[in-house]
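Here's the structure we're looking at; comments come further down.
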Amino acid sequence: MQNCAIELKNIRKTFGPVVANDGINLQINRGEILCLLGENGSGKTTLMNMLSGIYQPDGGEIYADGRKVTIRSPHDAFKNGIGMIHQHYHLVDVFTAAQNIILGLDEAMDIGRVNTRVKEICDRYGFGIDPKMKVYDMSVSQKQTVEIVKVLYRGSEILILDEPTAVLTPQETDKLFAVLRNMRRDNKAIVLITHKLAEVMAVSDKVAILRKGRYIATVNTKETSPGELTDMMVGRAVTLNLDRPKYDNPEDKLVVEGLTVVDREGIKKLNNVSFTARTGEILGVAGIAGSGQKELLESISGLYPVKSGSIKFVNTDKTTVELVGKTPTQIKEIGVGMGFVPEDRLGMGLVGSMGMTDNMMLRSWREGRGLFFNRKKPQDLADRVWKKLDVVTPSTEFPVRRMSGGNIQKVLVGREIASHPPVLLTAYAVRGLDINTSYAIYNLLNDQKMGGSAVMYVGEELDVLMELCDRILVLCDGQVSGIVDGRTATKEEIGLLMTTVGGKEA
Amino acid sequence: MTAIFALIAAAGTYATALMFGTIGEILTEKSGNLNLGVEGMMYMGGIFGLVTANRYEALVGETGSVGFIAILFAILGSFAAGCIAGLIFAFITVTLRANQNVTGLAMTTFGTGVAKFVGEHMRNKLGGYVSVSNHLKESFHQQIFPDFLKRIPFVGKIVFGQPHFFYLGILVAILLHLFFTKTKKGLYLRAVGESPATADAAGINMTRYRYLATMIGGGISAIGGMVYTMTTAGCVWIEGSLSGVGWLSVALVIFCTWRPLNGIWGSMLFGSLMIMYLWIIIPFFPQELYKILPYVVTIVVLIIASMKNNKEKQPPANLGLNYFREER
Ligand SMILES: Nc1ncnc2c1ncn2[C@@H]1O[C@H](COP(=O)(O)OP(=O)(O)OP(=O)(O)O)[C@@H](O)[C@H]1O
Ligand SMILES: [Mg+2]
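Protein sequences appear in the order of chains X and Z. So the working numbering is basically just the index in the first sequence, starting at one, shifted up by 153. So the working numbering is basically just the index in the second sequence, starting at one, shifted up by 11.
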């Protein structure tokens, strides 16, 4: 076949005892968007890393345009027209966009020429970057754009994107997909890894499915459905349902009044925010990215300085404690747990070289007295998280850094939820998680709620917010534009609130 | 006031040794290799620089020896010694992936040990001390600018009254600055130090860059050791006289926020602080306290740089970390 750009035959890759890929056959065609789908740890990243020269396969063959090739280094990958945008960006922070783009190229360093070519590429595919901007001043999506331009600049014909949408807002995702469609029209071959089935259905031509390191099948997107894809991924028929159990007598747990915070530059990030979180309730927080969601959770947990307003925690005996002015540790002791999932998972709260058990212990080191610690409890906790969330790892002692992106995240979220705080704050808890695990997390949140916790859930996907949450607080530009009932609200209603500053109170 | 200008002018000789030590280490660290063995490399540079000059003279005889050639030999001898030390460091950390801090400290011990051994050996062999003839000593101390320039008020002596190595050091600093900011290879080298994974994914041979930077950087640092022995120490091998210069250079790298041009005035400042006790006498202020001043200013600079949170003034992001492609 002439439009077949890359063919993989019987690829195998192991890391010590871990078989990451085995018996993989895959065809990547020009003028097509291929989605690579699989649960966390099923070997998607590993497989693509073998195409981009980061890993060497232990067995099997790779054909480029029908010729057998060996890809020993990223340099070889470029020579074969393969460019990859990794899950963790490969950019030098202190360089400008242009400097990053020409890194490693043989041509002369002529910034003027680079700028013209970058502009050409941007115009052709429909995006924009400032070549003189430093990477450390860029937003996540701008960095991603630089990565894509970098690959295109090298004249890559085959583009691999590893979970590019995990850190993008829905608007940014739409923009990215428009770019990908332009590339498809340009007869490039595109491989896209994503866990969001709606995206798979919207943008891809074909879907290839991996399960536990093995190749399952490639199907045409038009002839399949999200349900069928999930079944193939998991290997058995699964039903994904989200229920919204009703808790009998909700009580006020966290009363926020007139909360205002300003950032270092003096810009108001939250403006007079008031709401109440109740026990037995999941309070969703919706809003366009950067509307103050992060600041809201951080100021409740004491990580962000509060300018004015109050945050009261209601004890079971109805007495209240003011949280403003307390340290994060004190707030944690009072009973506010934080399941915050940062863009950089290893950066926050996990030690990469330690296993699950030791990481569990980090969370609870304050408990207990005496010189020696007790490993029994964290060990049990690690086992529970391992089973409940299906963490793919050979043992609870395996360094978390070596686990796949999604599995690292499971450890992080599992640990926070497991500590059963009266108030549980979560943000982007399912970022990068496969669909099955996402639902496992939603159900865990429901368990917490029915156990009498007040849960706050910051999310991006409106559909999920509307299915999961009892009430949804909508933020716009740091102000509450409305609090709606999750059972009756419509998507349009929420969408409108997200864009109107200080809308009506429902 | 005059005392201060005189102090700075006098500091030039000491500063030159620091300048080479620092600039070499900046080159090494920009590649992401934190070689704490500067002290050891400067020791090796010190003894091998002296020994090559001494052997050259022994070969051609005292009357036939030419100052310029002796200097050239001293530079080459010390540079080669530093290169070899850098090569050992690069092999242990880049190829064998050993911890850089531990390796650097070991290089300090190794370098000082080798230097002391060679120095002792030569002394026994030559009977007495290792040195060069007086007319060669002259050439190592020679000043290249005419006297009337030195008579320019205040700055004349500071700018024109220094040994030739001083100007060579400035030249090296400027060349390195241009290399980092204006050339493609310099950009790639910085990328390797900032993010080896990025450099590797871009097809840059990061192993080669780290090896070369560490070797050349080690060589430049070692020239500093030679300069110290041949100027400040008066062309004689005195065990222990070099002690501490290497560590001061490591501190100076931080003080300069990894910029070679800052190394020029930074080494003048550090040099001045080190000899200040001879010039500005504060009653009841013990001599030893003067010598910690360079370290105090380094800490102050560190604190200010981190408070300002200036992204441009930070160490290379992957300084001290080894890279292995398949590790994550
Ligand atoms: N460098 C490595 N060392 C050890 N094990 C590794 C390494 N890289 C990957 N693995 C293992 O290989 C398996 C597959 O990982 P991979 O990252 O390819 O999964 P993935 O499909 O990309 O998952 P996710 O959706 O969570 O990103 C995992 O079990 C992981 O622990
Ligand atoms: Mg992955």
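Glycine included, C-beta positions come from ideal geometry on N, C-alpha and C.
Would you call the CB atoms of residue i and residue j closer than 8 Å?
{"i": "L187(X)", "j": "I343(X)", "result": "yes"}
{"i": "I122(X)", "j": "L204(X)", "result": "Here chain X comprises residues numbered 154 to 659, so residue 122(X) is not present and cannot be evaluated."}
{"i": "S43(Z)", "j": "V62(Z)", "result": "Contrary to the premise, residue 43(Z) reads as Gly rather than Ser in this sequence. In this structure, V62(Z) does not lie closer than 8 Å to G43(Z) by Cβ."}
{"i": "V545(X)", "j": "S557(X)", "result": "yes"}
{"i": "W290(Z)", "j": "L18(Z)", "result": "yes"}
{"i": "A582(X)", "j": "R537(X)", "result": "no"}
{"i": "T579(X)", "j": "V611(X)", "result": "yes"}
{"i": "I265(Z)", "j": "T309(Z)", "result": "yes"}
{"i": "K303(X)", "j": "N253(X)", "result": "yes"}
{"i": "W269(Z)", "j": "P326(Z)", "result": "yes"}
{"i": "I207(X)", "j": "R336(Z)", "result": "yes"}
{"i": "N193(X)", "j": "N596(X)", "result": "no"}
{"i": "A126(Z)", "j": "I58(Z)", "result": "yes"}
{"i": "M287(Z)", "j": "G60(Z)", "result": "no"}
{"i": "T242(Z)", "j": "F171(Z)", "result": "no"}
{"i": "G437(X)", "j": "G257(X)", "result": "no"}
{"i": "I647(X)", "j": "L615(X)", "result": "yes"}
{"i": "F330(X)", "j": "I636(X)", "result": "no"}
{"i": "C267(Z)", "j": "T33(Z)", "result": "yes"}
{"i": "K447(X)", "j": "V576(X)", "result": "no"}
{"i": "V633(X)", "j": "V426(X)", "result": "yes"}
Looking only at DSSP bridge pairs, what is residue i linked to?
{"i": "C629(X)", "result": "Q632(X)"}
{"i": "P326(Z)", "result": "According to DSSP, which records beta bridges pairwise, P326(Z) is partnered with nothing at all."}
{"i": "E410(X)", "result": "S463(X)"}
{"i": "I362(X)", "result": "L190(X), A370(X)"}
{"i": "K421(X)", "result": "V415(X)"}
{"i": "Q446(X)", "result": "None; Q446(X) has no bridge partner."}
{"i": "K221(X)", "result": "Y216(X)"}
{"i": "Y610(X)", "result": "G437(X), T579(X)"}
{"i": "D405(X)", "result": "R431(X)"}
Does DSSP put residue i in a helix, in a strand, or in coil?
{"i": "I159(X)", "result": "strand"}
{"i": "Q297(X)", "result": "helix"}
{"i": "P317(X)", "result": "coil"}
{"i": "M491(X)", "result": "strand"}
{"i": "M237(X)", "result": "strand"}
{"i": "E658(X)", "result": "With a pLDDT of only 44 at E658(X), under the threshold of 50, the placement of this residue in the model should not be trusted; the figure read from the coordinates follows. Residue state, collapsed to three classes: coil."}
{"i": "E214(X)", "result": "strand"}
{"i": "M133(Z)", "result": "helix"}
{"i": "P174(Z)", "result": "strand"}
{"i": "F551(X)", "result": "coil"}
{"i": "E185(X)", "result": "strand"}
{"i": "K193(Z)", "result": "helix"}
{"i": "M154(X)", "result": "Since pLDDT at M154(X) reaches only 48, below the 50 mark, its modelled position is unreliable, and no value is offered."}
{"i": "F248(X)", "result": "coil"}
{"i": "L87(Z)", "result": "helix"}
{"i": "G176(X)", "result": "strand"}
{"i": "E475(X)", "result": "strand"}
Any C-beta of chain B sitting closer than 8 Å to the C-beta of residue i?
{"i": "G214(Z)", "result": "No chain B appears in the structure shown, which is made up of the protein chains X and Z."}
For residue i, which residues in the same chain have their Cβ closer than 6 Å to its Cβ, ignoring the five residues on either side in sequence?
{"i": "G51(Z)", "result": "M118, T119, F121, G122, T123"}
{"i": "M226(Z)", "result": "C94, G97, L98"}
{"i": "V332(X)", "result": "Y278, G279, F280"}
{"i": "Y334(Z)", "result": "P207"}
Give me, in chain order, the residues of the same chain whose beta-carbon lies closer than 8 Å to that of residue i; leave out the 5 immediate sequence neighbours on both sides.
{"i": "E434(X)", "result": "Y400, P403, K602, A607, V608, D623, R624"}
{"i": "R165(X)", "result": "V172, N174, D175, G176, I177, P210, D211, G212, G213"}
{"i": "H152(Z)", "result": "P174, T242"}
What residues in its chain sit with their C-beta under 7 Å from that of residue i, if we drop five residues either side in the sequence?
{"i": "T167(X)", "result": "A173, D211"}
{"i": "L542(X)", "result": "K563, G567, T590, A593"}
{"i": "F165(Z)", "result": "F16"}
{"i": "S195(X)", "result": "L363, R364, K365, G366"}
Does the stretch 341-356 of chain X come into contact with the stretch 294-314 of chain X, if we say contact requires no fewer than three beta-carbon pairs (one atom in each stretch) closer than 8 Å?
yes
Within the chosen definition, does the stretch 297-306 of chain Z reach the stretch 34-49 of chain Z through at least 3 CB pairs nearer than 8 Å?
no
Does the structure place the stretch 321-337 of chain X close enough to the stretch 240-254 of chain X that three or more beta carbon pairs sit under 8 Å?
no
Please write down, chain order preserved, every residue whose beta carbon lies under 7 Å from a heavy atom of ligand 4.
Absent from the structure shown: ligand 4. Ligands present: ligand 1 and ligand 2.
Any contact between the stretch 213-223 of chain X and the stretch 352-362 of chain X? By contact I mean 3 or more CB pairs, one from each, below 8 Å.
no
Does the count of Cβ pairs from the stretch 290-305 of chain X and the stretch 259-275 of chain X closer than 8 Å reach three?
Using a Cβ-Cβ distance cut-off of 8 Å, the stretch 290-305 of chain X and the stretch 259-275 of chain X are in contact, since at least three pairs of beta carbons, one from each stretch, lie closer than that value.
Report yes or no: do the stretch 216-223 of chain Z and the stretch 188-208 of chain Z share at least 3 C-beta pairs separated by less than 8 Å?
yes
How do the stretch 371-391 of chain X and the stretch 216-224 of chain X stand: do at least 3 beta-carbon pairs fall below 8 Å, yes or no?
As far as the Cβ criterion goes, the stretch 371-391 of chain X does not touch the stretch 216-224 of chain X, which means the pair count is below three.
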